[in-house]
Amino acid sequence: VRLQHGASGLEPLAWSEDHRVSVSTARSIAVLEQLSDVHSGGQDMVIHRTAVPAPGAACMLKVGPKKEVAECKEKFASSVDPTVSQTFMLDRVFNPEGKSLTPMRGFKYSSWSPLGCDANGRCLLAALTMDNRLTIHANLNRLQWVQLVDLTELYGERLFEASYRLCKADAPCGELGDFPEFQRRHSMQTPVRMEWSGICTTQQVKHNNECRDVGSVLLAVLFENGNIAVWQFQLPFLGKESITSCNTIESGISSPSVLSWWEYEHNNRKMSGLIVGSAYGPVKIIPVNLKAVKGYFTLRQPVVLWQEMDQLPVHSIKCIPLYHPYQKCSCSLVVAARGPYVFWCLLLISKAGLNVHNSHVTGLHSLPIVSMTADKQNGTVYTCSSDGKVRQLIPIFTDVALKFEHQLIKLSEVFGSVRTHGIAVSPCGAYLAVITTEGMANGLHPVNKNYQVQFVTLKTFEEAAAQLLESSVQNLFRQVDLTDLVRWKILKDKHIPQFLQEALDKKIESCGSTYFWRFKLFLLRILYQSMQKAPSEVTWRPSHEDAKILISDSPGMGSTEDDQEEGTSKQASKQSLGDAGKGVDIDDTAEDPLNQSSDTGGREPMVEKLLEIQAQIEAVEMHLTREHMKRVLGEVYLHTWITENTSIPTRGVCDFLMSDDGYDDRTARVLIGHILKKMNKQTFPEHCSLCKEILPFTDRKQAVCSNGHIWLRCFLTYQSCQSLVYRRCLLHDSIARHPTPEDPEWIKRLLQGPCTFCDSPVF
């Protein structure tokens, strides 16, 4: 994927849990969303592309009243002391607009939140610009990114109200006219990095003194002076009103360069802290006191992981939770890129306390590491240097600590001579994204740089299929990178491999989880697409040919039969050229049974095959629909009183489930019996909003009244969507209505669910 602008920042690439790749560039953050499209027959990756534009105005940090700041800037710029005037004029934190210098455009860093933080249950994007503006963005309608809050502005206002003191006990600050004080106020609010924590649970007290659990997430922001601001947000994050608190921690680290969360779980007790690295070399964990957070404990004092001031700057830190096979307990692996080396530290809690083992991995790169990423599924670490070399480090546990096996991945063998600027691994480890530009050719650097994001597969189809079958996540949307490899294989071979079919059938028979039914539906849909003949012309491209109007009485028109024959021959020749231009070998075409449909005898088996697959798809969809109907009826039974109208067509759903004589589910029959007893012969039918006629429940997808008005049904509650605005699943599988203020909490909870066919979120 070619980028419109050059990559910027220290770690320009990040891959979210909901399969979106953010690329920091000089003008915007390019967001590439990977989709496993079941409606497309192409073998290429399907990527949906959006962008977060950079702000037009420069960010001015709030260090005092505007008039006083302007006077101080003029005073420092015209100072006779060159150590003051030159330091002030050349520091881009003081002068973000630049004037005679080049403007500070672009992004320095971006970080994705965990899944489930925005209003759609997806990831939020925290973005840091080159001029130190920290903002949080959300993609609410899928085509546009919306800025929810400007944290730099909010933090500046907090410091201004507190007179630029962290606590009231601190000594009063100096005058803004003193240059050291002017520098101090800027450095205490200049962000260096920011990182999201995992989702945690807090307790909120209601008006009637009841406690309810509320999800929250923390965003830690590391500043230039070593302070760390920890923002706490209530979920879903909607904007400024969702901010719960902001606490500032003094790390005591000079010249901080990088930040990462340390989250450790031991005997169902969760511990957390912040790992901070310095440009001078030291690395340590800072305790974080999480007030009112359920089940979290903190360290009593900082833990030093590396204390040598060896002038090897810490560029990147990753923390990977693992299981120690010899100690039979969970542990944390912390890896940090320091120059051309990888520093690692193994942390585990035993009866003796916190055990720390650390060392360095050397001999990996001849140049400094420019980017590092980690696969949290198995602990594999990937590092890259600017010369196009990527190293794969696999941790192997020993009796005491661990060791690393590493192998070289030469991108030059795949892409030719390239320079690398950043790497990121997909959530399930199926793909590696790499930002590349042209490398040296014949000892010369390229005249122009073309920045591209290259996607490299790290797993085979067999490994991806096995991981999907044994997945503990049981959600297709969260494993899009794996399903994309399976999709490519089926489209390429035009059949589902036998081993996968048999293993999936065994899983369905043994446990019957709806996840495996959804996986089966996915495979059948891709198989159906592989059987379809590709159109000879691009469907979206408009035709510029003038349509022929045959008017028999018009003079000078000539023979209409000749015109028709000529038009038919033109169309046939165009179709044959389109088929020939696909680059398919003649031998492959002869062997492919799909292309042997020129005669009637070859076409009929293919039509029968498509009809058979279509019937299997409908059968699986019906099974998933019935299972979700049982869940909806269960919610209705639990949350309704006797003869209460729930606005859900309960009687219609019950009749629909029992209408098929071949469907014999004892659980459903017992549940329906209890519900009908509660309803006491009441039906509570839906009515058409246009003509007030009854809407019968005869179809799971739509409702048609006696006057022919058609309304689509919500796939989450099976209510008719009688409005012009509704939501749709990411892959356009189904539609769902918007929640209304009068809906009870249990219906709103149902409407927050994903698609019942593909697990995708709903927009």
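Position one of the sequence shown corresponds to residue 1 (the UniProt record's numbering), numbered consecutively onward. Every residue gets a Cβ at the ideal spot worked out from N, C-alpha and C, and that includes glycine.
Nearest neighbour of residue i, chosen from the options [CA to CA]
| i | options | result |
| --- | --- | --- |
| H709 | K108, C688 and H357 | C688 |
| G177 | K67, N208, C117 and A424 | K67 |
| S28 | T698, P12, A51 and E241 | A51 |
| V304 | R700, R269 and N355 | N355 |
| E161 | L444, V342 and P65 | P65 |
| H266 | H324, T514 and I249 | H324 |
| L624 | F519, V63 and C123 | F519 |
| L524 | I496, K507 and Q532 | I496 |
| F297 | D505, Q407, N268 and G379 | N268 |
| Q43 | S647, Q529, A279 and E608 | Q529 |
| residue 822 | E742, L716, M188 and F404 | An answer regarding residue 822 cannot be provided, because it is not within the stretch 1 to 763 covered by the chain. |
| T25 | P12, E157, Q189 and R713 | P12 |
| residue 769 | N475, L476, G416 and C246 | Absent from the model: residue 769. The displayed extent of the chain is 1 to 763, so no value can be given. |
| N247 | Q479, Y109, R165 and S36 | R165 |
| V632 | E742, L610, G753 and P236 | G753 |
| V636 | P744, E621, I694 and I613 | P744 |
| V334 | V276, Y326, Q532 and R666 | V276 |
| L610 | V653, S720 and K533 | K533 |
| L32 | A70, E157 and Q4 | Q4 |
| E250 | F237, K270, I672 and L274 | L274 |
| V453 | S36, S111, M45 and K351 | M45 |
| V390 | G379, K410, L751 and Y109 | K410 |
Environment of residue i [buried if 16+ CB atoms lie within 10 Å]
| i | result |
| --- | --- |
| I551 | Note that I551 has pLDDT 47, beneath the 50 cutoff, so the model's placement of it is unreliable and the number below is only indicative. Answer is exposed; the Cβ neighbour count stays below 16. |
| D661 | exposed |
| Y663 | exposed |
| G174 | exposed |
| Q30 | First, the residue type needs correcting, since residue 30 is Ala and not Gln in the sequence shown. A30 is buried by the Cβ-count criterion. |
| F182 | buried |
| N225 | buried |
| V63 | buried |
| V21 | buried |
| residue 764 | Nothing about residue 764 can be reported from this structure: the residues present for the chain run from 1 to 763 only. |
| Q34 | buried |
| R419 | buried |
Residues near residue i by beta carbon distance below 6 Å, same chain, minus five either side
| i | result |
| --- | --- |
| C729 | C755, S760 and V762 |
| K221 | The sequence as given places Val at residue 221; Lys does not occur at that position. Hits under 6 Å: P191, M194 and A229. |
| K449 | T437 |
| Q204 | R212 and V214 |
| L148 | I136, A138 and G239 |
| L312 | G281, R338 and G339 |
| M104 | R92, P96, M130 and D131 |
| L134 | L128, L151, T152 and P191 |
| W488 | Q43 |
| W231 | L219 and C246 |
Start and end residues, beta strand (DSSP E) containing residue i
| i | result |
| --- | --- |
| A279 | Segment: none, A279 is in no beta strand (DSSP E) and carries neither H nor E. |
| I136 | L134 to A138 |
| L521 | Counting along the chain, L521 falls outside any beta strand (DSSP E), though it belongs to the alpha helix (DSSP H) covering T514 to M531. |
| P191 | P191 to W196 |
| M45 | Premise fails: M45 is in no beta strand (DSSP E) and is neither H nor E. |
| T420 | V418 to V425 |
| K389 | K389 to F397 |
| E250 | I243 to E250 |
Unbroken alpha helix (DSSP H) run spanning residue i, endpoints
| i | result |
| --- | --- |
| D481 | V480 to D493 |
| G156 | L151 to E161 |
| L408 | Segment L402 to K410 is the beta strand (DSSP E) holding L408; no alpha helix (DSSP H) there. |
| F233 | That residue, F233, is in no alpha helix (DSSP H); its beta strand (DSSP E) goes N227 to Q234. |
| L751 | E745 to L751 |
| Q501 | Q498 to S510 |
| C654 | T650 to M658 |
Contacts around residue i, its chain only, beta-carbon distance under 7 Å, and the 5 residues preceding and following it disregarded
| i | result |
| --- | --- |
| V725 | H738 |
| Q234 | V214, S216, S242 and T244 |
| P55 | T129 and R133 |
| A7 | V23, S24, T25, H421, G422, I435 and Y451 |
| L348 | H324, Q327, C329, C331 and N355 |
| E462 | none |
| E561 | The pLDDT assigned to E561 is 42, lower than 50, so where the model puts this residue is not dependable, and the model offers no usable value. |
8 Å Cβ shell around residue i - same chain, five flanking residues per side excluded
| i | result |
| --- | --- |
| E308 | G281 and P282 |
ask   = With contact counted as at least three CB pairs below 8 Å, one residue from each stretch, are the region 141-148 and the region 258-277 in contact?
value = No: the two stretches stay apart, fewer than three of their Cβ pairs being nearer than 8 Å.
task = Say whether the region 504-520 touches the region 465-474, bearing in mind that this needs 3 or more beta-carbon pairs closer than 8 Å, one atom from each stretch.
result = yes
request  = Tell me, please, whether the region 639-653 touches the region 668-678 by the rule of three or more beta-carbon pairs shorter than 8 Å.
outcome  = yes
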